[in-house]
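As given, the protein sequences belong to chains A and B, one line each in that order. Reading the first sequence from the start, the letters are residues 285 to 427 in our numbering. Reading the second sequence from the start, the letters are residues 285 to 427 in our numbering. C-beta atoms are modelled at their ideal positions from N, C-alpha and C, and glycine is treated no differently. Please read these numbers as outputs of a predicted model, since none were measured by experiment. Presented below is the structure to which this report refers.
Protein chains: 2
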Amino acid sequence: MVDQSEREEIQKDIELFYFAYRSFTARPDRILQELSLGRVHHRILYFVGRNPQLPINELLTILDISKQALNIPLRKLIELELINVSISDKDGRVRLLALTNKGNKLEARLTSPQLKHLETVMAAVGKSSVAGWRKMMGELPFV
Amino acid sequence: MVDQSEREEIQKDIELFYFAYRSFTARPDRILQELSLGRVHHRILYFVGRNPQLPINELLTILDISKQALNIPLRKLIELELINVSISDKDGRVRLLALTNKGNKLEARLTSPQLKHLETVMAAVGKSSVAGWRKMMGELPFV
DNA sequence: TATATAGGTCAGTATGATTGACCTATCGAA
DNA sequence: TTCGATAGGTCAATCATACTGACCTATATA
Numbered sequence: 285m286v287d288q289s290e291r292e293e294i295q296k297d298i299e300l301f302y303f304a305y306r307s308f309t310a311r312p313d314r315i316l317q318e319l320s321l322g323r324v325h326h327r328i329l330y331f332v333g334r335n336p337q338l339p340i341n342e343l344l345t346i347l348d349i350s351k352q353a354l355n356i357p358l359r360k361l362i363e364l365e366l367i368n369v370s371i372s373d374k375d376g377r378v379r380l381l382a383l384t385n386k387g388n389k390l391e392a393r394l395t396s397p398q399l400k401h402l403e404t405v406m407a408a409v410g411k412s413s414v415a416g417w418r419k420m421m422g423e424l425p426f427v
Numbered sequence: 285m286v287d288q289s290e291r292e293e294i295q296k297d298i299e300l301f302y303f304a305y306r307s308f309t310a311r312p313d314r315i316l317q318e319l320s321l322g323r324v325h326h327r328i329l330y331f332v333g334r335n336p337q338l339p340i341n342e343l344l345t346i347l348d349i350s351k352q353a354l355n356i357p358l359r360k361l362i363e364l365e366l367i368n369v370s371i372s373d374k375d376g377r378v379r380l381l382a383l384t385n386k387g388n389k390l391e392a393r394l395t396s397p398q399l400k401h402l403e404t405v406m407a408a409v410g411k412s413s414v415a416g417w418r419k420m421m422g423e424l425p426f427v
């Protein structure tokens, strides 16, 4: 399958992955710290931003955490008027989450360093590398 | 620079990165939990494995954590006889870390699911995608 | 009407990181 | 040889973030 020198290459890829991800999350982490928020808050804002009117249950599934772990950060975001809660008219038990204008702004502020980060790297490495990166990253969760 | 539809693509890449990294760390995390160890323990074992006779100071720099945060997990690994400490003969202040045989075995056990994970994905996406992935991952920390 | 589902919340616990402070030992330069 | 810098160790207090278990309300559905 894979010979020894290839395996050594892949050893290095593990490291690559670690450092790449760490550098990728460093910038938003700094902004979050200034606001006394954590990564969970960012993730909530991000996924609610991409999926307006997201049921809480689905958010739990996406984030793969307990409802108790979601409860406090989500409550904070609602208190800060970054997230709006409404009741589904199809099922009165279901609460739907959406970003407020304020929430949208913060989400953009947190996500834009990551966008820029990726844009810069993509410009540096060229289109074909980007295509390869996407293909591989897309496959990883399904192995 | 980057137009709107491209920006939307890159939005999705942020998500891709998150899920890819999460799936990548899930397997060793499960093994670690069985052993009552955490990710820091894994990282220590990994970097000491790749860099035998690693000074503690360098390990701190690589991991980018405080010495107090390193202290307890490292002590545990030494107590478990997974890591061996020796004094540098060039500088009596410097402690050098290396894996014991036992440590080597555990490191391999933790890292091999990640190796296999990458190997499987690499086989699925092909060489040119892998090259692109590597190029992009290698650039990310230097932006 | 009974059960399942969606969600909220409290309590207790564990982990892992932080900062601050203070300690020893060693090195290297004045 | 003395002094400041460096490497490392450790204690304490604190904070953030997760967990499980338990119990609550409200709504949907069979």
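Between the beta-carbon of residue i and the beta-carbon of residue j, is there less than 8 Å?
i: LEU347/A; j: LEU358/A; result: no
i: THR395/B; j: TYR305/B; result: no
i: ILE294/A; j: GLU403/B; result: yes
i: ALA415/A; j: GLY410/B; result: no
i: GLN337/B; j: LEU390/B; result: no
i: HIS326/A; j: PRO312/A; result: yes
With a 10 Å radius around its C-beta and 16 neighbouring C-beta atoms as the bar for buried, classify residue i as buried or exposed.
i: GLN398/B; result: buried
i: ASP373/A; result: exposed
i: ILE356/A; result: exposed
i: SER413/A; result: buried
i: THR309/A; result: buried
Is residue i helix, strand or coil when you go by DSSP?
i: ASN335/A; result: coil
i: ARG377/B; result: coil
i: ILE346/A; result: helix
i: SER370/B; result: strand
i: LEU383/A; result: strand
i: ASP313/A; result: helix
i: GLY416/B; result: helix
i: GLN399/B; result: Checking the sequence shown, residue 399/B turns out to be Leu, not Gln. Residue state, collapsed to three classes: helix.
i: SER320/A; result: coil
i: ASP287/A; result: coil
i: VAL427/A; result: coil
i: GLU365/A; result: coil
i: GLY422/B; result: helix
Output the distance between the C-alpha atoms of residue i and residue j, rounded to the nearest integer angstrom.
i: LEU343/A; j: ARG314/A; result: 24 Å
i: ILE340/B; j: VAL378/B; result: 7 Å
i: ALA382/A; j: GLY322/B; result: 35 Å
i: GLU365/A; j: LEU364/B; result: 49 Å
i: GLN288/B; j: LEU316/A; result: 26 Å
i: HIS401/A; j: MET421/B; result: 12 Å
i: LYS351/A; j: GLY376/A; result: 19 Å
i: ARG291/B; j: PRO425/B; result: 21 Å
i: THR384/A; j: ARG393/A; result: 14 Å
i: GLY387/A; j: VAL369/B; result: 50 Å
i: GLU299/A; j: ILE362/A; result: 38 Å
i: MET406/B; j: VAL427/A; result: 11 Å
i: LYS296/B; j: ILE371/B; result: 49 Å
i: SER307/A; j: GLY333/B; result: 22 Å
i: LEU319/B; j: VAL286/B; result: 47 Å
i: ILE367/A; j: TYR302/B; result: 22 Å
i: ALA408/A; j: LYS360/B; result: 43 Å
i: THR345/A; j: ASN335/A; result: 13 Å
i: ILE328/A; j: ILE349/A; result: 11 Å
i: LYS419/B; j: LYS419/A; result: 14 Å
(request) Identify each residue in the segment 292 to 308 of chain A for which the Cβ-Cβ distance to at least one residue of chain B is less than 9 Å, and report them in chain order. (result) GLU293, ILE294, GLN295, LYS296, ASP297, ILE298, GLU299, LEU300, PHE301, TYR302, PHE303, ALA304, TYR305, ARG306, SER307, PHE308
(request) Please name the residues in the segment 394 to 411 of chain A whose beta-carbon is closer than 7 Å to at least one beta-carbon of chain B, in chain order. (result) THR395, GLN398, LEU399, HIS401, LEU402, GLU403, THR404, VAL405, ALA408, VAL409
(message) Any C-beta of chain A within less than 9 Å: which residues of the segment 352 to 366 of chain B qualify?
(response) none
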